[in-house]
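What follows is a short report on a single structure.
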Amino acid sequence: MNDIDPALDLRARRTDPIHEELAEIERTWLSPPGFFGWFTHVNHTSIGLRFLVTSFAFFLIAGLLGLAMRLQLVTPLNDFLGPETYNQVMTVHGTAMMFLFAIPAVEGVAIYFVPLMIGARDLAFPRLSAFGYYIYLIGGTVFFASLFVGMAPAAGWFNYVPLSGPEYAEGRGVDIWVTMITFIEVSALTAAVELIVSIFKLRAPGMSLNRMPIFVWAALVMAFMIMFAMPSVIVASAMLTMDRLVDTQFFNPDLGGSPLLWQHLFWFFGHPEVYIILVPALGIVTTIVVTFTQRSVFGYTALVLAIVGVGMVSFGLWVHHMYATGLPLLGRSFFQAASSMIAIASGVQIYCWIATMWGARIRFDTPMLFVLGFFAIFVTGGLTGVMVASVPFDRQVHDTYFVVAHFHYVLVGGAVFPLLAGLYYWFPKVTGRMLHERLGKWSCGIAFVGFNLTFFPMHQLGLEGMPRRIYTYLPGLGWDFLNQLATVGAFVLAAGFALTFWNVFRSLRAGDAAPANPWHAPTLEWATTSPPLNCNFAEQIVVRSDQPIWDWERTGRRAVVGGMRIDRRETIVTTLLDARPQSVQILPTPTPWPFYSAVVLSVCFFGLIFSPWFYVAGIFGAFATFVFWFLPRRRSEVI
Amino acid sequence: MIVVGRPDHHDNPRRRQSPARRRLARRWFRAVSAMAAALLLTGCDGPQSVLAPSSEDARLMALLSWWFFGAGALILAVTLGLLVIALSLAWRGGQSRPISFRASMVLVVSGGVVAPALAIVAVTYTGVMIGDETEGADGRSATAPTVEVDGRMWWWEFRYLDKNGAVIAVTANELHLPVGERARLRLTSDNVIHSFWVPNLQGKTDLIPGKDNVLYAQPAVSGVWRGQCAEFCGMQHALMGFVVVAQPRPAYETWLADQAADAAVTSGPGLDAFLNNGCGVCHAIRGTAADGQAGPDLTHLASRATLAAATLPNTRGNLGGWITSTHEVKPGALMPAIAPEPEELQHLLDFLGALK
Amino acid sequence: MTDAAIETEIAVDASGLPRLTPHTHPLWWGVLGAVAIEAAVVANLLTSYFYLMSQSETWPPAGIKPPDPFWATVVLCVLPLSSVTMWWAGRGSDADRKTQLAMGVTASVALASLALVFRWLQFAAFGVRWDEHAYGSILWAITGFHFTHVVSAILGTAVVAVLAWMDYFTSERQLGVVVDTLYWYFVAAVFLPIYLVLYWAPRWL
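Chains as they are written, first to last, in the working numbering: chain A, 273 to 911; chain B, -4 to 351; chain C, 1066 to 1270.
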């Protein structure tokens, strides 16, 4: 298989002749091989895969940090990690999981699969996705590196002032945190704009909004949420940088500032952030439920409304993170009501899935098992979420291990399990190989048991008075046994995840060859080879329903788009609501300028830690690289 | 301990599929029993526990908690039960038997709209009622104490005020309250954000620089409980605890009067050692030349049950260890360790031990 | 994918669809998205201004006066004027009148640069430094934010101007002009809420 260019080897059997037109379009869409070629890739499959691989690598590191925390807390007054180290480890664990794993992972799934699901050849701004990836890679790598040189932030993942301000956080740790935020927000915002535009304008003809896969709706809502939530943390982090770098007084109460301003700005972002992570994961759940029941999902409209509802309502909840700050009870009560309301949007989705599954012949393969694990864990987490929405209850459990339990239930249950389900589901499509099924089932079972063993006891620990973010605790408070249980559970959980990592490793080389549609799924990403053709689809597809592949099988007919050029990169542009053909977008070819821009901007972002002049350098440096990025090389390429 | 479901080789389609189902059910059962065992083996009471209320405020919150847990368990059981039923139905006939549109609507509307709506109403109503009750000053008598709680890094200063707002007594890390009276705590900080939390008595409220918050605490019985800082405040956040002692009114007044008085010992080699080692720069001992404000007031150190923000029991040995090896007990503490001569240390410990 | 049992028909012929669509190109939507993000940032900044105001007993703090509105009001007139010249340039581009395009964008660059000079003159008259009080901090931050965006708009439009003088664009091939114009309108228009908040809110509220 290695002696022929894989892009050209598209035949059903090795003895079939190669279709010359297909070979030519594949050459047009080829991502250059080799070391230097790697820096010029712009195809969404290439970039999406990079987001996924990098995010899972960061997940592994952040997970190991979590294990270190559990080792420290296994007995009272342990000295495995001293307070300074522990505070850095816990900050990096939380920050990395939220910013360097969860968001990029769901972004990566969207970047890879949204164009395939909507029948497009690529995203609308391929160079922008590449740029967003390099920014993420550089920012994330430097952030982790800071831990190994003892310069990591240590003020918790939400970095409250004044603890993180110039007076109490010495050294560069908090500056590293703020800079990493800047990187991630740029990366996420570029992905968000791109996803929205692609979903609105690049859908295959006939894919009206109500024929879009639910996952695409979820990606769309996620993208809008990113667009409106991230600016808040941009402003907060800019203010903190300014306080630390040029002595502004935004958060200094002695000179007119307010520590609560940070909390409001951060949580206005922070609460939608967790739903940004959750919403696409719920989209993955719908996808898998549909495929593994071989049925249309029940309540397409209700699900879409629920997803949009989650997205919108989530912006009105942020004060529930601030119930203990002494804000007036009336205001807090409003947020109490709003926070519990999200239960409706979540409940509708849960029951639509149950209705879909009711009486179906279910294929209990690993993706489905992870989805079932999601059900058990996420519903539990959602229920404790409604509990902490209550002001008086939360005033007892806020900032305790009860909350730690709650958010791990909703994030691991609601995001990690669906992501793993998606991994097992889509691995064949991305790599052309199946993951080992038995290993997958073991991984799921062990992870499920390990997860509950780790985090369920934490509910009780919180109720027994154990606060969050403590590097140690005194003996005699009754916390010892539950902490031991949690630590043991953490290793079981790690073993469960490790089995999947091993599965991936092993299957990349020795897994069974995957056909184009091993699960008999209905959506368009399965209508291409495994892995996808460079151009995604030899001919772009015209759809007539929300289950195109099942339609083709039923009717024996398939409609496609003709007349697209094969000597340059093109994808069809359609109208927003009904996806009627409108124009054709010419897409850029591989280029290293996104990489150069990312490097220049990275230097300036990091330089800002040391001198405000990098702000000016950043503006002009970015401008210069953008000119080269956008400037067409020939008149005939001007659009 | 993991039991693998053995593949069943019968031809019956139902039996052929049940290993997966058995595995799922077994897994869930194991997880639940593990949790139940964990719960039963450890008690719910303790000196720092939400579920062992010693005040009406905490009792309301604990009651709310139990209702929440019960309702939560019920909803979880129903939801997962419906899921299991949904998954198992097809096995009987081997065919896919979809549910009718009507039945699906009933499921989605009752489970996804009606039940959550009921929960929303319950949470909102109880939240407002109990919130109002526990955060208000209702029923506060004229004699109930007012205490300024000042959060420091990483200890607690308590300043008792009289009716006109003047300071009667200053102490640290141990708060005494009269039983049955609704004490008013003014929470302040001039450094970073802390949070005052004594779960057996009240919910927590933050101490935020620039914002003075008020918290009410009304112990219903005599007792001793532990509180702890509940907002990450830096290196030694983990060991920033305090003790709350509720006493009948007469005992409380005696205690307060004792705390208001000057030190029991105001001269001698111990005091000299104290001043010579620079302790007076940070610590105050009223009636002597030591008047530092940066660290806890030590005027009545010997009357306290604990040291170092409720980290160590107050014994002579622990005090010696705390003074000479401060950073082994609390790495990062702002108090420098001192190394006095052995004889000097004994005088110092004698002196401090006499400050009742 | 190469399933012999499924018959394939061509339902859409894309050879007749336009490839050059400067006014409806996806990039137009992309820049609109960027504008939405920037608008959200401004909304956060202005809300923070009001929040800090609400936490202060006097605003501006004692001894400091609200900034003098004269030069800012001049800028409030100059920036829309620069939008008009941009609009005029766009019309020229749509009608293949290259000179109109080139002159229009050049005029916009000149006007915006003038506006920046006026803003710069005013900085000295703010009467408070960014490190003296949160009032100064937010005043300078919002001002600096807008200033930066005018600079970026000028830089981008300067490139467009150079290319326009070089006859780079036609009425079909003018996506760069269209998206630059869109961004310009935003940068000019967003000055209005900023102006009202910084110069008049402390006087009226």
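Cβ atoms here follow ideal geometry from the backbone N, Cα and C, with glycine treated the same way.
Source: prediction; values computed, not measured.
Checklist entry - With a CB to CB cut of under 6 Å and the five nearest residues on each side skipped, what residues in its chain are close to A:Met497? => result Working through the first sequence from its first residue, we reach residue 497 of chain A at position 225. Once the five neighbours on either side are set aside, the close Cβ partners of A:Met497 are Pro544, Ile548, Gly583.
Checklist entry - Looking at the C-beta of A:Pro438, does it have a partner C-beta in chain B at a distance below 8 Å? => result Numbered from 1 along the first sequence, position 166 holds the residue referred to as residue 438 of chain A. Using a CB distance cut-off of 8 Å, A:Pro438 does not count as an interface residue toward chain B.
Item to check | Distance between beta carbons of A:Val814 and A:Val845, contact taken as under 8 Å | outcome: If you number the first sequence from 1, residue 845 of chain A lands on position 573. If you number the first sequence from 1, residue 814 of chain A lands on position 542. The pair is not a contact, with the Cβ atoms about 14 Å apart (cut-off 8 Å).
Next on the checklist: On the DSSP letters alone, give me the boundaries of the alpha helix (DSSP H) that B:Gly41 sits inside.
Outcome noted: Locating residue 41 of chain B in the second sequence gives position 46, where the first residue counts as 1. DSSP places B:Gly41 in no alpha helix (DSSP H); its state is neither H nor E.
Next on the checklist: If the criterion is Cβ atoms closer than 8 Å, does the pair C:Val1170 and C:Ala1154 meet it?
Outcome noted: Mapped onto the third sequence, residue 1170 of chain C falls at position 105. Mapped onto the third sequence, residue 1154 of chain C falls at position 89. Contact: yes.
Item to check | Contacts around A:Leu343, its chain only, beta-carbon distance under 7 Å, and the 5 residues preceding and following it disregarded | outcome: Sequence index remark: in the first sequence, residue 343 of chain A carries index 71 (1-based). For A:Leu343, where only same-chain residues beyond five positions count, the Cβ hits under 7 Å are Phe352, Thr759.
Checklist entry - Is C:Leu1082 near A:Pro853, with beta carbons less than 8 Å apart? => result Locating residue 1082 of chain C in the third sequence gives position 17, counting from the first residue. Locating residue 853 of chain A in the first sequence gives position 581, counting from the first residue. The criterion of a C-beta distance shorter than 8 Å is satisfied by C:Leu1082 and A:Pro853.
Checklist entry - In angstroms, rounded to a whole number, what distance separates the CA positions of A:Ile276 and A:Tyr432? => result Here residue 276 of chain A corresponds to residue number 4 of the first sequence, with the count starting at 1. Here residue 432 of chain A corresponds to residue number 160 of the first sequence, with the count starting at 1. Interpretation of A:Ile276 is limited by its pLDDT of 37, a score under 50 that renders its predicted location unreliable; the figure taken from the coordinates is listed afterwards. Each residue's alpha carbon lies about 56 Å from the other.
Checklist entry - Does the Cβ of B:Asp133 have 16 or more other Cβ atoms within 10 Å, making it buried, or fewer, making it exposed? => result As a first step, residue 133 of chain B must be located in the second sequence, where it is residue number 138. Its Cβ having fewer than 16 others within 10 Å, B:Asp133 is exposed.
Checklist entry - Listing by chain order, which chain A residues have their CB less than 7 Å from the CB of C:Asp1078? => result What you label residue 1078 of chain C is simply residue 13 of the third sequence in a count that begins at 1. The answer, in chain order, is Gly834, Gly835.
Item to check | Assigned secondary structure, A:Ile813 (DSSP; H/G/I helix, E/B strand, else coil) | outcome: Along the first sequence, one-based indexing puts residue 813 of chain A at 541. If DSSP states are grouped into helix, strand and coil, A:Ile813 belongs with the strands.
Checklist entry - Of all Cβ atoms in chain B, is any one closer than 8 Å to the Cβ of A:Val557? => result Within the first sequence, numbered from 1, the residue matching residue 557 of chain A stands at position 285. When Cβ-Cβ separations below 8 Å define contact, A:Val557 makes no contact with chain B.
Checklist entry - Are the C-beta atoms of A:Met514 and some chain C residue less than 8 Å apart? => result Locating residue 514 of chain A in the first sequence gives position 242, counting from the first residue. For A:Met514, the answer is yes, since a Cβ of chain C falls inside 8 Å of its Cβ.
Checklist entry - Considering only the beta carbon of each residue, do A:Gly571 and B:Leu84 sit closer than 8 Å? => result Taking the first residue of the first sequence as 1, we reach residue 571 of chain A at position 299. Taking the first residue of the second sequence as 1, we reach residue 84 of chain B at position 89. In this structure, B:Leu84 does not lie closer than 8 Å to A:Gly571 by Cβ.
Next on the checklist: Please return the same chain residues whose Cβ sits closer than 7 Å to the Cβ of C:Ser1158, not counting the five positions on each side in sequence.
Outcome noted: Taking the third sequence and counting its residues from 1, one reaches residue 1158 of chain C at position 93. Excluding residues within five positions, the ones whose Cβ falls inside 7 Å are Leu1166, Phe1234, Ser1236, Gln1239, Val1242.
Item to check | Contact list for C:His1211 against chain A, beta-carbon separation under 7 Å | outcome: On the third sequence, residue 1211 of chain C is found 146 positions in, with the first residue counted as 1. Those do not exist, as C:His1211 stays about 14 Å from chain A at its closest Cβ, beyond 7 Å.
Checklist entry - When the Cα of B:Ile70 is compared with those of B:Ala303, B:Gly106, B:Ser95, which residue comes out closest? => result Residue mapping note: residue 70 of chain B aligns to position 75 of the second sequence, counting from 1. Closest in C-alpha terms to B:Ile70, from the list B:Ala303, B:Gly106, B:Ser95, comes B:Gly106.
Checklist entry - For A:Val669, which of A:Met706, A:Pro729, A:Met738 has the nearest alpha-carbon? => result Locating residue 669 of chain A in the first sequence gives position 397, counting from the first residue. Taking A:Val669 as reference, the option from A:Met706, A:Pro729, A:Met738 with the minimal CA-CA separation is A:Met738.
Item to check | Contacting residues, own chain, Cβ-Cβ under 6 Å from B:Leu170 (five flanking each side not counted) | outcome: Mapped onto the second sequence, residue 170 of chain B falls at position 175. Taken in chain order, the residues that qualify are Phe153, Val239.
Checklist entry - Nearest-angstrom Cα distance between A:Asn359 and C:Val1106? => result Reading the first sequence from its first residue, position 87 is the one you call residue 359 of chain A. Reading the third sequence from its first residue, position 41 is the one you call residue 1106 of chain C. Going from the Cα of A:Asn359 to the Cα of C:Val1106 covers about 31 Å.
Checklist entry - Can you find a CB in chain A that lies within less than 8 Å of the CB of B:Leu36? => result For the purposes of this step, residue 36 of chain B is taken as the residue at position 41 of the second sequence. Per-residue confidence for B:Leu36 stands at a pLDDT of 48, beneath the threshold of 50, marking its modelled position as unreliable; the derived number appears in the next sentence. Nearest CB-CB separation between B:Leu36 and chain A: below the 8 Å threshold.
Checklist entry - Do we get a CB-CB distance below 8 Å when we pair A:Thr772 with the residues of chain C? => result Taking the first sequence and counting its residues from 1, the one referred to as residue 772 of chain A is at position 500. With 8 Å as the cut-off, A:Thr772 does not count as an interface residue toward chain C.
Checklist entry - Any beta-carbon of chain A closer than 8 Å to the one on B:Thr119? => result Residue mapping note: residue 119 of chain B aligns to position 124 of the second sequence, counting from 1. For B:Thr119, a Cβ of chain A is located within less than 8 Å of the residue's own Cβ.
Checklist entry - Are the C-beta atoms of A:Asp671 and some chain B residue less than 8 Å apart? => result Your numbering for residue 671 of chain A matches position 399 in the first sequence. Residue-level contact by beta carbon holds for A:Asp671 and chain B, with a gap shorter than 8 Å.
Next on the checklist: With a threshold of 8 Å between beta-carbons, can A:Thr652 be considered close to chain B, or not?
Outcome noted: Taking the first residue of the first sequence as 1, we reach residue 652 of chain A at position 380. Answer yes: the Cβ-Cβ gap between A:Thr652 and chain B drops below 8 Å somewhere.
Item to check | Residues within the segment 840 to 858 of chain A neighbouring chain C, beta-carbon criterion of under 8 Å | outcome: The residues in question are Glu842, Ile844, Val845, Pro853, Gln854, Ser855, Val856, Gln857, Ile858.
Checklist entry - If we ignore side chains and look at the alpha-carbon of each, how far apart do A:Leu474 and A:Leu796 end up? => result Mapped onto the first sequence, residue 474 of chain A falls at position 202. Mapped onto the first sequence, residue 796 of chain A falls at position 524. About 14 Å.
Next on the checklist: Less than 6 Å between C-beta atoms, sequence neighbours within five positions excluded: which residues of the same chain meet that for A:Thr912?
Outcome noted: The structure shown does not extend to residue 912 of chain A, since chain A spans only 273 to 911, so no value can be given for it.
Item to check | Closest residue to C:Ile1102 among A:Ser504, A:Ala786, A:Glu442, A:Arg299 (Cα-Cα distance) | outcome: Numbered from its first residue, the third sequence carries residue 1102 of chain C at position 37. It is A:Ser504.
Checklist entry - Among C:Leu1186, C:Ile1203, C:Leu1176, which one has its Cα closest to the Cα of C:Ala1271? => result Since the first residue of chain C shown is 1066 and the last is 1270, residue 1271 of chain C is not available in this structure.
Item to check | Close beta carbons around B:Val(-2), own chain, < 6 Å, minus the five adjacent residues each side | outcome: Indexing the second sequence from 1 puts residue -2 of chain B at position 3. With a pLDDT of 32 at B:Val(-2), under the threshold of 50, the modelled position of that residue is not reliable, and no figure is offered here.
Item to check | Boundaries of the alpha helix (DSSP H) in which A:Gly722 is found, first to last residue | outcome: As a first step, residue 722 of chain A must be located in the first sequence, where it is residue number 450. First-last of the alpha helix (DSSP H) with A:Gly722: 709 to 735.
Checklist entry - Is C:Arg1238 close to chain A, meaning its C-beta is less than 8 Å from at least one C-beta of that chain? => result Locating residue 1238 of chain C in the third sequence gives position 173, counting from the first residue. Contact with chain A is found for C:Arg1238, since one of that chain's Cβ atoms lies less than 8 Å from the residue's Cβ.
Next on the checklist: Classify B:Leu36: buried if its beta carbon has 16 or more other beta carbons within 10 angstroms, exposed otherwise.
Outcome noted: Along the second sequence, read from residue 1 onward, the residue named residue 36 of chain B stands at position 41. Its pLDDT being 48, under 50, B:Leu36 is placed unreliably by the model, and nothing is read from it.
Checklist entry - C:Val1140 to A:Gly528, Cα distance in whole Å? => result As a working mapping, residue 1140 of chain C is identified with position 75 in the third sequence. As a working mapping, residue 528 of chain A is identified with position 256 in the first sequence. For the pair C:Val1140 and A:Gly528, the Cα-to-Cα distance works out to about 29 Å.
Item to check | Own chain residues within Cβ distance below 7 Å of A:Trp429, not counting five before or after | outcome: As a first step, residue 429 of chain A must be located in the first sequence, where it is residue number 157. Non-local C-beta neighbours of A:Trp429 in its own chain, meaning closer than 7 Å and more than five positions away in sequence, comprise Thr363, Gly366, Thr367, Met370, ordered along the chain.
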